[in-house]
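Report on one structure; see the data block that follows.
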Amino acid sequence: MDPLPTINGTRPHLNLQTALNAMSPVDLHQAFTNLQVPQDSNWYMDTGAAAHLTANPGKITTPMTFSSNTIFVGNGHRLPISGSGNSLLPILNKTYRLLNIQHAPTIIKDLLSVRQFTRDNHVSIEFDPYGFSLKDLKTGTHLSRHNSTGDLYPFSPPTQALSTSSSAPLWHNRLGHPGANILDFLSRHAIIDCNKTSNSFVCPLCQLANSKRLPFSESNSITFAPFDLIHCDLWTSPVLSNYGYKYYMVLIDNFSQYVWIYPLKYKSETFSTFAKFHKLETPRGEFDNNNFKTFAQTHGLIMRFSCPQTSPQNGKAERMIRRLNDIIRSVLIHAHMPPTFWVEALHTATYLHNILPSKRLRYTTPAYILFHRHPTYDHLRVFGCACYPNTSATQPHKLHPRSIRCIFLGYPPGYRGYRCLDPNTGRVHISRHVTFDEHTFPFNHPSTPTTYTFLDEDPSPFPSPQLYPTVPILQTTQPDPPLTQPSGPQPPTSPLPKSTPAQSDSPVHPASPIQPIVPAATSITHPPPPLNTHSMTTRAKQGVFKPNPKYSLSTTHTSNNISPVPTSYLKALSDPNWLRAMNSEFSALQENHTWDLVPRPSDSPVIRCMWLFRHKFKSDGTLERYKARLVVNGKSQTVGIDCHDTFSLVVKPATIRTVLSLDVSKQWPIHQLDVKNAFLHGHLEETVYMHQPPGFVNANALSHVCRLRKSLYGLKQAPRAWYTRFSTFLLSRGFRNSICDTSLFIYRQGGRM
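According to our numbering, the sequence shown is numbered sequentially starting from 92.
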């Protein structure tokens, strides 16, 4: 038998009798008799052990091979080995192999050899003062985390997410997913009650939402007072918000890093929301127009533009937009909310940015730099979570429920309360008396409606930004302000009119420009719009309502059986459904003899083509087929070379109405003709060369190109080619063009039309 490896290396073989004779049996027996060790089922990681050791033979699941070897331990004594075997250790969704486990009946703790464990399971182990982490040896992927509270490293079950209110992940969610340094700073200075964040803590939502490219260069602008330099930029959203906003303008004070945001429905609103600042640094485009130039000259402003296609020159605004969008994505993904709520998330992101410490400001907050007031964090809650505002003041009777289940939408400017959306009615409540369930998100529940008509929309124009507080905000009962208000300090420029304060146990306090939670109304709701009193019969009076697309907040649930629309032809080739659609389209073009493969000419331009994909649905919403269409990039055509006349006649609306009125008066039958792929039937008069379709290049003619015989979608002359062929066919059948409208063809036979 080979010698057994030990902690101190390989030693010559000793039989059991020799090993026992070398010990001090009297001393060892007395020591083990006096030692009282509680039963411990854990394995303990040992970097000095050469093999796994256990005193419990039940941990060996394979038949044990009996042995009479011994093994040396750290104090120089030898422990007898009675046998060896293998076992499996399941952790989460992975099972680890424990090979060559030595059964040592007298050992006190079961030891796992780090060297043997990592070698047999192809993992690495990272130790730190709080425990250790298992990672994949090749990819470095985090597999599990095992915390330790004592001096040893037990292989205990993986650490689960903490559910207490003081856990680091919960505060990480409340604060809008900030960096670990921000969370550690707030915890270290006892600003929030939060336990320590381990270095191995990974937030998957931050990885999904905050994946970044190379950073922009730092700005060299130096300012000595607030509002000396304001950075400005405009961002376009790919999704309309629930109020119809498409853009937002961001303004950053270079001195304090304070941020104001203004949601916009149209780019033309940019000038109307422009504030009177001393100096402005913006990109060109939205701000480079006569209105801005005239305004700047009148008020003595200096406007610095970034060069075209050089957005890093306005890097501060670009980075701020990236930071705000990172927070928007984080909170929306975490709450499982549709992207149409991006304006609500934007206001929350801006508010959180202004009250969070900044490394650039030496861990002070922008709000403190601008207003010299330290913000508090006790009122913060997780965006999009379930909440229960007190609605007893607005209920019809005292037996009615005193609260409703709502969705938390952030902090309303001008109030010290919370915005709560009722998912059943679309009504928004502003209330101070709210109970939160920060671990439940209604949009993640299948029974939650996903389509709303918000009742707090204000069609009034965008208000002008107001920078400095003038009077305190009183505790009043007011309707929910529109989301067009900037997410900065917005006090009124004149004292507010007095109103009856809502019933509350708390006294009235003046509002802080950086604290949006005011002891406001118990519940503030918006009354329904007044009924129409005119005598006209409308669809609304008959109870017929047509849904407005700008209020469509529904989320699309695509069946798992439907292949998603590919973003490139390479992805389409890997999907059998889209590949069949591409083959069908290509076969139809071949049968139609759309082109001839010819050697590439040296003196003629060659235009490119591309594949477009979309789903075609039936009237009941089920999938009809996958549609793939080959189109030409007509923008690369040159007039006079590969295209000449492109104008195509279109029938006039008056002609259609005239024909339909004649049909009704003379009781003529009406027939409709739908030509499938009409543009593919037009004959080309010009010589047009096109690259071979992507994914369908002829292997025997790689350098050849397609000389088009018939038109394709995307060609500038495709509509004219189709009209020419169709009109030629009708004229050959005896039809004649109308004098009033040449798009109208008339057929006469025997004096009858």
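We treat Cβ as the ideally placed atom computed from N, Cα and C, and that holds for glycine.
CB contact flag (residue i, residue j, <8 Å)
| i | j | result |
| --- | --- | --- |
| Y339 | Y353 | yes |
| Y244 | Y135 | yes |
| T455 | P466 | no |
| A408 | F474 | no |
| P492 | P514 | no |
| W669 | S654 | yes |
| V519 | W433 | no |
Integer-rounded CB distance, given that residue j should sit under 8 Å from residue i
| i | j | result |
| --- | --- | --- |
| T156 | S178 | With a Cβ gap of about 13 Å, T156 and S178 do not count as contacting. |
| Y780 | V796 | 5 Å |
| H263 | L274 | 6 Å |
| H233 | F223 | Going by Cβ atoms, the distance from H233 to F223 rounds to 12 Å, so no, they are not a contact pair. |
| F677 | P784 | 7 Å |
| R199 | L144 | Note that residue 199 corresponds to Ile in the displayed sequence, not to Arg. Rounded, the Cβ-Cβ distance is 10 Å, inconsistent with contact. |
| N191 | S215 | Their Cβ separation, rounded to whole angstroms, is 20 Å, which puts N191 and S215 out of contact at 8 Å. |
| L806 | V723 | 5 Å |
| N272 | S421 | Contact flag wrong, Cβ pair sits at about 17 Å. |
| R800 | L775 | 7 Å |
| H213 | L228 | 5 Å |
| H438 | G501 | 5 Å |
| N345 | L320 | 4 Å |
For residue j and residue i, the rounded distance between their alpha carbons
| i | j | result |
| --- | --- | --- |
| L512 | D417 | 23 Å |
| L461 | V525 | 30 Å |
| R824 | I761 | 19 Å |
| P154 | G241 | 34 Å |
| R671 | H684 | 20 Å |
| L355 | T361 | 7 Å |
| A719 | Q808 | 22 Å |
| P620 | T516 | Low per-residue confidence applies at P620: pLDDT is 48, beneath 50, and the placement is therefore not dependable, though the value from the model is reported in the following sentence. Each residue's alpha carbon lies about 14 Å from the other. |
| W702 | S247 | 54 Å |
| I296 | L452 | First, the residue type needs correcting, since residue 296 is Leu and not Ile in the sequence shown. Using only the alpha carbons, I get a separation of about 26 Å. |
| V766 | G267 | 55 Å |
| E435 | N481 | 22 Å |
| A316 | Y442 | 22 Å |
| S173 | F218 | 32 Å |
| L835 | A812 | 18 Å |
| S494 | N445 | 32 Å |
| T705 | M673 | The question names Thr, but residue 705 is Arg in the sequence shown. Rounded to whole angstroms, R705 to M673 spans 12 Å at the Cα level. |
| S328 | T431 | 10 Å |
| P504 | W351 | 12 Å |
| A141 | D201 | 13 Å |
| W686 | R843 | 43 Å |
| T847 | S204 | Here the chain has residues from 92 to 844 only, and residue 847 is not among them. |
| R410 | V689 | 51 Å |
| Q763 | L753 | 16 Å |
| D137 | S235 | 18 Å |
| P744 | R496 | 52 Å |
| G841 | N828 | 18 Å |
| L342 | I412 | 10 Å |
Secondary structure of residue i, DSSP reduced to three states
| i | result |
| --- | --- |
| Q193 | strand |
| V656 | coil |
| G773 | coil |
| D754 | helix |
| C831 | coil |
| E409 | helix |
| S224 | strand |
| V164 | coil |
| P181 | strand |
| N515 | coil |
| F157 | strand |
| W669 | helix |
| L266 | coil |
| W759 | coil |
| E435 | helix |
| I495 | coil |
| I216 | strand |
| C476 | coil |
| T145 | strand |
| K358 | helix |
| C700 | strand |
Residues sharing a beta bridge with residue i, DSSP
| i | result |
| --- | --- |
| Q840 | R843 |
| M340 | L325, Y353 |
| R716 | K707 |
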